[in-house]
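Novice:
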Amino acid sequence: MSVKHVAMLMGGFSSERPVSLSSGNACADALEAEGYKVTRVDVGHDIANVLSELKPDVAFNALHGPFGEDGTIQGLLEFLQIPYTHSGVLASALAMDKAQAKIIAKAAGIPVAEQRLMNRFDFTSAHPLAPPYVVKPVREGSSFGVVMVKEDQSHPPQIITSEEWRYGDAVMVERYVYGRELTCGVMGDVALGVTEVVPQGHAFYDYDSKYVKGGSKHIIPAQISPNIYQKVQTLALKAHQAIGCRGVSRSDFRYDDRFSENGELIWLEVNTQPGMTPTSLVPEMAVHAGHSFGEFLKWMVEDASCLR
């Protein structure tokens, strides 16, 4: 397939709209510099009509969050028979549902933390797990709605059952894993380098750590032993394949080396739509592997297909 015209799908209507716009514009600029015609499409509910008229060779999916990375837009692109980047319908839906993704990962032999799947209204005055633990919305990205419960907290977090909560009723309660934040991208069938993410002034890698300037420091290659480094790469590729991802994905891990170098390595989740600005984690990993940002995006465009 000769790709000349790329529709950059960006924006949308999830909580992650600003992130998507940032990713989309960065990718559009880089692909134009590589010689592609790029049409920037701020995705609305009329997207099927817009794409039918536009007739691009490829849709570059720079959407984040629900609708953009949960299999919905992927199904629409399949229906319209427009080749697209990243993962297909099933893998996108599975990866977006953290609880289902963990079932698949565990079955593939990937170490995961103990968890409970709950309705948020089932939170009572008693802790569902012994603290410390983490409460996560089942179907959100970019750490939206993540609540950490510390060891000395006497009761469950009240925000979960309050009217202010806007992340759905299904939540995952997961044992808190101490340690360092490691992440590893996958490009096709190759694991990229391992990055350690060090939040600056934040308790964990939350939304501000990810997207606010100076919110975190990225150390690539991560300063860990070679056997742990290789293990992270192996598990990232295994998760990518077990869940059925295509194109680019990124797996996140916690590594507790407080008591020994081998320590505990726990897989947290796979992200099928990782951030795509030049300073985002996966593009940094691609550069570390010898691919410029433009070359990396060109590979993604040429890799696009239907039936992913």
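The UniProt record's numbering numbers the first residue of the sequence shown as 1 and each following residue consecutively. Idealized CB from N, CA, C, for every residue including glycine.
Does the Cβ-Cβ distance between R308 and S87 come in under 9 Å?
Specialist: yes
Novice: Got a sec, what are the start and stop residues for the beta strand (DSSP E) F259 sits in?
Specialist: Note, F259: premise wrong, no beta strand (DSSP E); not H, not E.
Novice: Suppose contacts are defined by Cβ-Cβ distances below 9 Å. Is V89 in contact with K136 by that definition?
Specialist: With respect to the 9 Å criterion, V89 and K136 are not classified as neighbours on the basis of their beta carbons.
Novice: Just the C-alpha distance for Q223 and P199, rounded to the nearest angstrom, thanks.
Specialist: 16 Å
Novice: Within 10 angstroms of the Cβ of F60, are there 16 or more other Cβ atoms? Answer buried if so, exposed if not.
Specialist: buried
Novice: Can you tell me the Cα-Cα spacing of D70 and A91, whole angstroms?
Specialist: Answer to the nearest angstrom: the Cα atoms are 8 Å apart.
Novice: Tell me the rounded alpha-carbon separation between C245 and E163.
Specialist: 35 Å
Novice: Cβ atoms of T183 and F296: under 9 Å apart, would you say?
Specialist: no
Novice: Excluding five sequence neighbours on each side, which residues of the same chain lie with their C-beta closer than 6 Å to the C-beta of E174?
Specialist: A113, Q115 and V134
Novice: Taking the alpha-carbon of W165 as reference, which of S15, V3 and M10 has the nearest alpha-carbon?
Specialist: That would be S15, whose Cα lies nearest to the Cα of W165.
Novice: Since I believe V6 is in contact with V38 (beta carbons under 8 Å), could you give me their beta-carbon distance rounded to a whole number of angstroms?
Specialist: 5 Å
Novice: State the DSSP-derived secondary structure class of T161, mapped to helix, strand or coil.
Specialist: helix
Novice: Would you kindly check if the distance between the Cβ of A28 and the Cβ of R40 is under 9 Å?
Specialist: yes
Novice: Under 8 Å: do the region 147-159 and the region 124-132 share three or more Cβ pairs, one atom per stretch?
Specialist: yes
Novice: According to DSSP, simplified to helix, strand and coil, what is R308?
Specialist: coil
Novice: Inspect the beta-carbon positions of I103 and W267 and report whether they are closer than 9 Å.
Specialist: Not in contact: I103 and W267 (Cβ atoms no closer than 9 Å).
Novice: If the criterion is Cβ atoms closer than 9 Å, does the pair G185 and S249 meet it?
Specialist: yes
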